[in-house]
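Taking it in order: structure first as structure tokens, then the write-up.
There are 2 protein chains.
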Amino acid sequence: MSDDLTEEQRHAVPDGYRLLDWFQGFGRQIGPLYERFDGQGGYTRAFRVAEHHCNGMKNAHGGMLMSFADMAFGHAVSVEKSHWWVTVRLMCDFLSGAKLGEWVEGTGEIIAEEDHVYTVRGRIWVADRTIITGTGIFKAIEKRDPRPGELAFQSRG
Amino acid sequence: MSDDLTEEQRHAVPDGYRLLDWFQGFGRQIGPLYERFDGQGGYTRAFRVAEHHCNGMKNAHGGMLMSFADMAFGHAVSVEKSHWWVTVRLMCDFLSGAKLGEWVEGTGEIIAEEDHVYTVRGRIWVADRTIITGTGIFKAIEKRDPRPGELAFQSRG
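Chains as they are written, first to last, in our numbering: chain R, 1 to 157; chain D, 1 to 157.
Right, here's the structure in full:
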């Protein structure tokens, strides 16, 4: 957190979430994004809908939600398999929208694997409202070490 | 075009393309984006891959390409039907990547319609290399007037 955040914004990040350290490229452009581990192998990623995520109706843009889906679903390959990955296919069903100021969360789980190609079922939600359900196909590339979440567990001692 | 573009960047926009006037929200955040009409009802949208579109490998991020796909495919509903639209489902197959500096183009065509819900088949490419093929389901909302492309044709007299 830095001095350019208001007190309100500082308090707007739920417990357990940490800011992702994406300081370049597209990850920075659409950030800030956050991540949380549950200590049992599960994870969620999240962002709060800001002006620069919105369409003209002050809802999170579909492109932003799909970008987030890619990052939230594909991350299952990093967390469960400790691999970096590239997206082969992504399919998203838009069930509802996310308004300016809302806290959007998402996660994924691997449901099939073949030749280092993983099928991930994912979900994105705001509170108890599902925004997107979808499926991603991700190809594992080089090994990711340490596995995301491991460091978080260690640092909690 | 403005003074903050270099001579090289100014020349980097192919003939017939005009800058989209998206000066707020997500459209601005991932821009600049461009559009061209062929005068016969067809259109393409485009962008040049810049640093803020990239992943760590200096390729256009999958999220950026899907955001662009949403804007390039869904636009068929505006151009062909003169309606604004929201995305119901988007499915993208990633066949290849787009590197920093490359000019990415995309378009879509309506292949089915039912109750103001349109199925659009789309394609995204760099020169003669296809990057993404995909299908979008878009729901028409209020009427968009004038129809995009009409103004462009008129201004060419």
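For every residue, glycine included, the Cβ atom is placed at its ideal position computed from N, Cα and C.
Judged by DSSP in its simplified three-state form, residue 140 of chain D adopts strand. Contact check for residue 16 of chain R against residue 67 of chain D fails: the beta carbons are separated by 8 Å or more. With fewer than 16 neighbouring CB atoms inside 10 Å of its own CB, residue 111 of chain D falls in the exposed class. Setting aside the 5 residues that flank it on each side, residue 49 of chain D is surrounded in the same chain by 60, 98, 99, 100, 101, 102, 104, each with a C-beta closer than 7 Å to its C-beta; the list follows chain order. Per the coordinates, the alpha-carbon of residue 57 of chain R lies some 28 Å from the alpha-carbon of residue 23 of chain R. A residue is called buried once 16 or more other Cβ atoms fall within 10 Å of its Cβ, and residue 44 of chain R is buried on that count. From the beta-carbon of residue 52 of chain R, the residues of chain D found nearer than 7 Å are 25, 26, 29.
A Cβ-Cβ separation of about 12 Å leaves residue 136 of chain D out of contact with residue 124 of chain D under the 8 Å criterion. Taking C-beta atoms under 8 Å as the contact rule, residue 93 of chain R and residue 149 of chain R fail to qualify, at a distance of about 27 Å. Distance from the CA of residue 147 of chain R to the CA of residue 80 of chain R, rounded to the nearest whole angstrom, comes to 8 Å. Less than 8 Å separates the beta-carbon of residue 84 of chain R from that of residue 144 of chain R. Taking the Cβ atoms as the reference, residue 90 of chain D lies roughly 17 Å from residue 130 of chain D, outside the contact range of under 8 Å.
Close to residue 88 of chain D, with beta-carbon spacing below 8 Å, are these residues of chain R in chain order: 93, 94.
Partner residues in the beta bridge of residue 126 of chain R, as assigned by DSSP, are R/129. Counting only residues of its own chain and dropping the five nearest sequence neighbours on each side, residue 140 of chain D has a CB closer than 8 Å to the CB of 77, 81, 83, 84, 85, 116, 117, 118.
Judged by DSSP in its simplified three-state form, residue 70 of chain R adopts helix. At the C-beta level, residue 52 of chain D and residue 47 of chain R stay beyond 8 Å of one another.
For the C-beta of residue 101 of chain D, not a single chain R residue is nearer than 9 Å; the gap to the nearest is close to 14 Å. A Cβ of chain R is located within less than 8 Å of the beta carbon of residue 70 of chain D.
For residue 25 of chain D, the enclosing alpha helix (DSSP H) begins and ends at 25-29.
Interface annotation, residue 62 of chain R: in contact with chain D, CB-CB separation under 8 Å. When secondary structure is reduced to three states using DSSP, residue 108 of chain R falls in the strand class. Excluding the 5 residues flanking it on each side, residue 121 of chain D has same chain C-beta neighbours closer than 7 Å at 108, 109, 111, 135, in chain order.
When C-alpha distances from residue 32 of chain R are compared across R/42, R/39, R/12, the shortest belongs to R/12.
Looking from the CA of residue 20 of chain D, the closest CA among D/65, D/34, D/30 belongs to D/34.
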